[in-house]
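2 protein chains.
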Amino acid sequence: MLVERFRQNPLITPQAIAPSREGFEVIGTFNPGAFEFNGRVGLLVRVAERPVNREPGTVPIPVFHTAVHPPGTRLISLRRDDPKWRFTMCIVQPRGPDSALHSYLTNLSHLRFAWSEDGRVFQFDDGPAGTLWPQGECEAFGIEDPRVTQVGRLYLITYTAVSPRGICVALTTTVDFHLFAHHGFILPPENKNACFFPQKVRDEYLLLHRPSGGWCRPGIWMARSPDLIHWGGHQFVAGPRRGAWDSTRIGVGPPPVRTTEGWVVIYHGSGPRGYCVGAMLLDLEEPARVIARSEVPIMTAEADYEKNGFIGDVVFCNGLVERPDGELWLYYGGADTVTAGARCRVRDILDSLKQA
Amino acid sequence: MLVERFRQNPLITPQAIAPSREGFEVIGTFNPGAFEFNGRVGLLVRVAERPVNREPGTVPIPVFHTAVHPPGTRLISLRRDDPKWRFTMCIVQPRGPDSALHSYLTNLSHLRFAWSEDGRVFQFDDGPAGTLWPQGECEAFGIEDPRVTQVGRLYLITYTAVSPRGICVALTTTVDFHLFAHHGFILPPENKNACFFPQKVRDEYLLLHRPSGGWCRPGIWMARSPDLIHWGGHQFVAGPRRGAWDSTRIGVGPPPVRTTEGWVVIYHGSGPRGYCVGAMLLDLEEPARVIARSEVPIMTAEADYEKNGFIGDVVFCNGLVERPDGELWLYYGGADTVTAGARCRVRDILDSLKQA
Numbered sequence: 000m001l002v003e004r005f006r007q008n009p010l011i012t013p014q015a016i017a018p019s020r021e022g023f024e025v026i027g028t029f030n031p032g033a034f035e036f037n038g039r040v041g042l043l044v045r046v047a048e049r050p051v052n053r054e055p056g057t058v059p060i061p062v063f064h065t066a067v068h069p070p071g072t073r074l075i076s077l078r079r080d081d082p083k084w085r086f087t088m089c090i091v092q093p094r095g096p097d098s099a100l101h102s103y104l105t106n107l108s109h110l111r112f113a114w115s116e117d118g119r120v121f122q123f124d125d126g127p128a129g130t131l132w133p134q135g136e137c138e139a140f141g142i143e144d145p146r147v148t149q150v151g152r153l154y155l156i157t158y159t160a161v162s163p164r165g166i167c168v169a170l171t172t173t174v175d176f177h178l179f180a181h182h183g184f185i186l187p188p189e190n191k192n193a194c195f196f197p198q199k200v201r202d203e204y205l206l207l208h209r210p211s212g213g214w215c216r217p218g219i220w221m222a223r224s225p226d227l228i229h230w231g232g233h234q235f236v237a238g239p240r241r242g243a244w245d246s247t248r249i250g251v252g253p254p255p256v257r258t259t260e261g262w263v264v265i266y267h268g269s270g271p272r273g274y275c276v277g278a279m280l281l282d283l284e285e286p287a288r289v290i291a292r293s294e295v296p297i298m299t300a301e302a303d304y305e306k307n308g309f310i311g312d313v314v315f316c317n318g319l320v321e322r323p324d325g326e327l328w329l330y331y332g333g334a335d336t337v338t339a340g341a342r343c344r345v346r347d348i349l350d351s352l353k354q355a
Numbered sequence: 000m001l002v003e004r005f006r007q008n009p010l011i012t013p014q015a016i017a018p019s020r021e022g023f024e025v026i027g028t029f030n031p032g033a034f035e036f037n038g039r040v041g042l043l044v045r046v047a048e049r050p051v052n053r054e055p056g057t058v059p060i061p062v063f064h065t066a067v068h069p070p071g072t073r074l075i076s077l078r079r080d081d082p083k084w085r086f087t088m089c090i091v092q093p094r095g096p097d098s099a100l101h102s103y104l105t106n107l108s109h110l111r112f113a114w115s116e117d118g119r120v121f122q123f124d125d126g127p128a129g130t131l132w133p134q135g136e137c138e139a140f141g142i143e144d145p146r147v148t149q150v151g152r153l154y155l156i157t158y159t160a161v162s163p164r165g166i167c168v169a170l171t172t173t174v175d176f177h178l179f180a181h182h183g184f185i186l187p188p189e190n191k192n193a194c195f196f197p198q199k200v201r202d203e204y205l206l207l208h209r210p211s212g213g214w215c216r217p218g219i220w221m222a223r224s225p226d227l228i229h230w231g232g233h234q235f236v237a238g239p240r241r242g243a244w245d246s247t248r249i250g251v252g253p254p255p256v257r258t259t260e261g262w263v264v265i266y267h268g269s270g271p272r273g274y275c276v277g278a279m280l281l282d283l284e285e286p287a288r289v290i291a292r293s294e295v296p297i298m299t300a301e302a303d304y305e306k307n308g309f310i311g312d313v314v315f316c317n318g319l320v321e322r323p324d325g326e327l328w329l330y331y332g333g334a335d336t337v338t339a340g341a342r343c344r345v346r347d348i349l350d351s352l353k354q355a
């Protein structure tokens, strides 16, 4: 078997954490970024919360406000019978052409650090530096799906910021997980699933990202930077494939893994089997060139905690830790609800790509 | 009157230029970028061509190929009764959910320089440096709507690149209009209407741009750069306004004009009156801050060449030349067909914004 799930799965469930305020419930602890720091494995976990609905016939919408004191989550209440709105479990969308209305999320995410000695048993960090909250109007609907990349001593955290203004990619950096520097939006909307390479290639920093919207089908692009903050040279890398497991949308997961044969990139693809995990091999010197790509997923939703949850049939991997002897620990979200882990060998992934 | 149209209008019509190949017709010479160079006024005009349709029941689609020899426009023929497609005058869209199909444009644009001694009578440049053609797969459906900004001796040309991969912003630079350096895509899809500020602000280059798609309503954002090539620090500037003349979408036109009261930015807005031209005043030191914005357009489609054409009721200004004594010459597209011009005084625009 290419990928072996940890027997401790799920590693983190919503029950492991108290809601951030009264009247809220935690519905997801999932899609973590992963890294090693001072001999421990760290996860930056997306924590999704929603208001407990006490008024039948209404839907409470959480919105994060930073322009008020104290900053925090306020509630908007929408009537379920209001013909202006179409309600799904995750999203409330305006039905009509009223250009002044925008969509809302029914739940709001922030990011929380969890730490482990063995990579299996994780403890949330309850300290003042343990949480990244939304900030500013462009994060009013939450921050999601972080990637953590170590470049030298610096840890780079990209995450998805959601607001009425669009979905875009923000960057936060740290060297110690106590002080964090926020660098704003490195990519404009509509974009998510952005992840750095762990080292320069031909003297440039590289970033894989996932633009979408309009004429652009959700696929993987690459950008170049001299300084990690400013990005240009955007190039198309790969898109969804007709008739394949990744036919609808694809996006990069955790940081690429350097091998002598190329960069191994773990990515997610959605299609007839839900959200699956696959791999692609990118050229070492020209990583916008795809050498090979998984014909079948390396992971699909099989376990109960992957098939059933807030959104079923989802495995979504954006965390990876490189271990000695070519072993990889993958951390991933199951069913948009829990955090789980799995191990695999980079050699096996390379071999599976050679057969492709 | 705030804006006075040139009596020579329209300045350039599709009849002024021969099609680039047999069997094609020029349907638009419009939406020019504008600049001054060596005492002359230059325009970089969008030239839209389409194949003359000789087969009833079919729609010929032009696609630019650079991977073949010689590079050039090839034709795809779609049957009008094919249920897979929905045909409009500009666009062919897939009807069904087949994710392998993408939209096409029915016409293809390239960019052509035209020069004038007086800013009124223009002559197309037929020389080898007179045309910018699409290049590469990401420009297969053409290049459109250039902005030209002079920064010192350097002229910066941004334009919109259209392909099945999305709509994004490319940068080309020149100092002499003979040799051009191509810098690829400075913004990923979905983005267009990007224009530089003519000088650094607080030691950074600035760019206004127009992302769209998904949760992002088509509005104006600003980005920052140390080198004109790599961009970060994306900030929201302004969006469409409910119930106003610019209620559907807005985008920046020509380069901002520096005044002691702030940056005057000419922009387009679409809404109930079609595409109109308006102005906003941005803070001198923090240009992401909007000080004022036109309550009524400074130009709407009034003349016949603005009301009638390939797409009627469109005035779209992306060219501007600053003249002595605070006079501005605006160059704009009428009805997505012709190039026209108008004059106004920056003082009058500022006064109109004060009343707003």
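Those protein sequence lines, which keep their order, are chains E and X.
Sequential numbering of the first sequence, starting at 0, is according to numbering that gives the first Met the number 0.
Sequential numbering of the second sequence, starting at 0, is according to numbering that gives the first Met the number 0.
Every residue gets a Cβ at the ideal spot worked out from N, C-alpha and C, and that includes glycine.
Cβ of E/Arg241 within 8 Å of any chain X Cβ: Along the first sequence, one-based indexing puts residue 241 of chain E at 242. E/Arg241 counts as touching chain X.
Compare the C-beta of E/Cys275 with all C-beta atoms of chain X and state if any pair is closer than 8 Å. Walking along the first sequence from the start, residue 275 of chain E turns up at place 276. No, because no Cβ of chain X sits closer than 8 Å to the Cβ of E/Cys275.
Among E/Ile60, E/Glu305 and E/Val147, which residue has its Cα nearest to the Cα of E/Arg78? What you label residue 78 of chain E is simply residue 79 of the first sequence in a count that begins at 1. Nearest C-alpha to E/Arg78: E/Ile60.
In whole angstroms, give me the CA-to-CA distance for X/Val345 and X/Leu327. By one-based count along the second sequence, residue 345 of chain X stands at place 346. By one-based count along the second sequence, residue 327 of chain X stands at place 328. Near 7 Å, if we compare the C-alpha coordinates of X/Leu327 and X/Val345.
With 8 Å as the C-beta to C-beta threshold (strictly closer), list the residues of the stretch 244-256 of chain X near chain E in chain order. Going along the stretch 244-256 of chain X in chain order, one finds Ser246 and Thr247 with a Cβ nearer than 8 Å to chain E.
Whole-number beta carbon distance between X/Thr336 and X/Val31, since they are thought to touch under 8 Å: Taking the first residue of the second sequence as position 1, residue 31 of chain X is located at position 32. Taking the first residue of the second sequence as position 1, residue 336 of chain X is located at position 337. It should be pointed out that residue 31 of chain X corresponds to Pro in this sequence rather than to Val. Their Cβ separation, rounded to whole angstroms, is 13 Å, which puts X/Pro31 and X/Thr336 out of contact at 8 Å.
So is X/His208 in contact with chain E if we call contact Cβ pairs under 8 Å? Translated into the one-based positions of the second sequence, residue 208 of chain X becomes position 209. So yes, X/His208 belongs to the interface.
Less than 6 Å between C-beta atoms, sequence neighbours within five positions excluded: which residues of the same chain meet that for X/Ala47? By 1-based counting over the second sequence, the position of residue 47 of chain X is 48. Beyond the five residues adjoining it in sequence on each side, X/Ala47 comes within less than 6 Å, by CB distance, of Ile26, Gly27, Asn106 and Ser108 in the same chain, given in chain order.
Once DSSP output is grouped into helix, strand and coil, what is the label at E/Arg346? Position 347 of the first sequence, counted from the first residue, corresponds to residue 346 of chain E. Of the three classes helix, strand and coil, the one that applies to E/Arg346 here is helix, per DSSP.
At 7 Å on the CB atoms, spell out the chain X contacts of E/Ser366, in chain order. Nothing can be reported for residue 366 of chain E: it is not among the residues displayed for chain E, which extend from 0 to 355.
Taking E/Trp220 as the reference, give the member of E/Leu207, E/Gly213, E/Ile228 and E/Ser211 with the closest Cα. Within the first sequence, residue 220 of chain E is the residue found at index 221, counting from 1. For E/Trp220, the nearest C-alpha among the options comes from E/Leu207.
Under 6 Å Cβ to Cβ from X/Gln234, same chain only, skipping five residues before and after it: list those, please. Within the second sequence, numbered from 1, the residue matching residue 234 of chain X stands at position 235. Met221 and Ala287, listed in sequence order.
I'd like to check one pair, X/Leu104 with X/Phe140: are the Cβ atoms closer than 8 Å? Here the question's residue 140 of chain X lines up with position 141 in the second sequence. Here the question's residue 104 of chain X lines up with position 105 in the second sequence. Annotated as proximal: X/Phe140 and X/Leu104, with beta-carbon spacing under 8 Å.
Under 8 Å between C-beta atoms, does X/Pro187 make it to chain E? For the purposes of this step, residue 187 of chain X is taken as the residue at position 188 of the second sequence. Chain E, which has a Cβ nearer than 8 Å to the Cβ of X/Pro187, makes this yes.
Can the beta-carbon of E/Ile297 be found closer than 8 Å to that of E/Ala334? For this step, residue 297 of chain E is matched to residue 298 along the first sequence. For this step, residue 334 of chain E is matched to residue 335 along the first sequence. For E/Ile297 and E/Ala334, no; Cβs fall outside 8 Å.
Looking only at its chain, what residues have a beta carbon closer than 6 Å to the beta carbon of E/Ser269, apart from the 5 residues adjacent to it on each side? The count along the first sequence starts at 1 and reaches residue 269 of chain E at position 270. For E/Ser269, where only same-chain residues beyond five positions count, the Cβ hits under 6 Å are Thr247 and Arg248.
Straight-line CA distance for E/Gly38 to E/Ala128? By one-based count along the first sequence, residue 38 of chain E stands at place 39. By one-based count along the first sequence, residue 128 of chain E stands at place 129. So the two alpha carbons sit approximately 19 Å from each other.
Under 8 Å between the Cβ atoms of X/Thr172 and X/Leu153? Within the second sequence, numbered from 1, the residue matching residue 172 of chain X stands at position 173. Within the second sequence, numbered from 1, the residue matching residue 153 of chain X stands at position 154. Yes. Within cutoff.
State the CB to CB distance for the pair X/Ala237 and X/Val289, rounded to an integer number of angstroms; the pair is presumed to be in contact (CB under 8 Å). The sequence position of residue 237 of chain X within the second sequence is 238, counting from 1. The sequence position of residue 289 of chain X within the second sequence is 290, counting from 1. Under the criterion of beta carbons closer than 8 Å, X/Ala237 and X/Val289 qualify as touching, at roughly 5 Å.
Using DSSP with H/G/I as helix, E/B as strand and the rest coil, what is E/Ser162? Numbered from 1 along the first sequence, position 163 holds the residue referred to as residue 162 of chain E. Reduced to three states, the DSSP call for E/Ser162 is strand.
Kindly indicate which three-state DSSP category X/Ser351 falls into: helix, strand or coil? Translated into the one-based positions of the second sequence, residue 351 of chain X becomes position 352. Helix at X/Ser351.
Got a sec: is the Cβ-Cβ distance from E/Gly165 to anything in chain X below 8 Å? What you label residue 165 of chain E is simply residue 166 of the first sequence in a count that begins at 1. Answer yes: the Cβ-Cβ gap between E/Gly165 and chain X drops below 8 Å somewhere.
Answer with yes or no whether the minimum CB distance from X/Gly308 to chain E is below 8 Å. Here residue 308 of chain X refers to the residue found at position 309 of the second sequence. For X/Gly308, no CB of chain E lies under 8 Å from its own CB, so it is not counted at the interface with that chain.
Residue ranges of each beta strand (DSSP E) run of no fewer than 3 residues wholly in the stretch 206-251 of chain E, ordered along the chain? Annotation note: the stretch 206-251 of chain E contains the following uninterrupted beta strand (DSSP E) runs of length 3 or greater, listed N- to C-terminal: 219-224, 231-237 and 248-251.
Neighbour list for E/His229 in chain X, Cβ cutoff strictly below 7 Å: Here residue 229 of chain E corresponds to residue number 230 of the first sequence, with the count starting at 1. Simply Ser224, Pro225, His229, Trp230 and Gly231.
Given a cut-off of 8 Å on the beta-carbon distance, is the pair E/Pro145 and E/Arg49 in contact? Walking along the first sequence from the start, residue 145 of chain E turns up at place 146. Walking along the first sequence from the start, residue 49 of chain E turns up at place 50. In this structure, E/Arg49 does not lie closer than 8 Å to E/Pro145 by Cβ.
Would you mind telling me which residues of chain X sit closer than 7 Å to E/Ala99, beta carbon to beta carbon, in chain order? If you number the first sequence from 1, residue 99 of chain E lands on position 100. By Cβ distance, chain X contributes Arg241.
Do E/Tyr266 and E/Val314 have their C-beta atoms closer together than 8 Å? If you number the first sequence from 1, residue 266 of chain E lands on position 267. If you number the first sequence from 1, residue 314 of chain E lands on position 315. Going by C-beta atoms, E/Tyr266 is not nearer than 8 Å to E/Val314.
Closer than 8 Å between beta carbons: that is the criterion. Which residues of the stretch 99-117 of chain X meet it against chain C? In the structure shown, chain C does not exist; the protein chains are E and X.
Where does X/Val58 land, buried or exposed, given buried means 16+ other C-beta within 10 angstroms? Looking up residue 58 of chain X in the second sequence gives position 59. Flag for X/Val58 reads buried.
Taking 8 Å as the threshold (beta carbon to beta carbon), is X/Asn52 in contact with chain E? One-based indexing of the second sequence puts residue 52 of chain X at position 53. By this cut-off, X/Asn52 is not an interface position.
E/Gln354 to E/Pro323 span [Cα, whole Å]: For the purposes of this step, residue 354 of chain E is taken as the residue at position 355 of the first sequence. For the purposes of this step, residue 323 of chain E is taken as the residue at position 324 of the first sequence. The alpha-carbon atoms of E/Gln354 and E/Pro323 are separated by roughly 25 Å.
Every unbroken beta strand (DSSP E) within the stretch 71-116 of chain X, with a cutoff of 3 residues, ordered by chain: Segments of the beta strand (DSSP E) lying fully in the stretch 71-116 of chain X: 71-78, 84-86, 90-93 and 107-115.
Are the C-beta atoms of E/Gly95 and some chain X residue less than 8 Å apart? Translated into positions along the first sequence, residue 95 of chain E becomes position 96. Chain X places no beta carbon closer than 8 Å to that of E/Gly95, leaving this residue out of the contacts.
What residue range is occupied by the uninterrupted beta strand (DSSP E) comprising E/Asp144? Within the first sequence, numbered from 1, the residue matching residue 144 of chain E stands at position 145. Looking at the DSSP string, the run of the beta strand (DSSP E) that includes E/Asp144 is Ile142 to Val150.
Count the other C-beta atoms from every protein chain shown that fall within 10 angstroms of the C-beta of X/Leu280, then say buried if there are 16 or more, exposed otherwise. Here the question's residue 280 of chain X lines up with position 281 in the second sequence. With a threshold of 16 other beta carbon atoms within 10 Å, X/Leu280 meets it and is buried.
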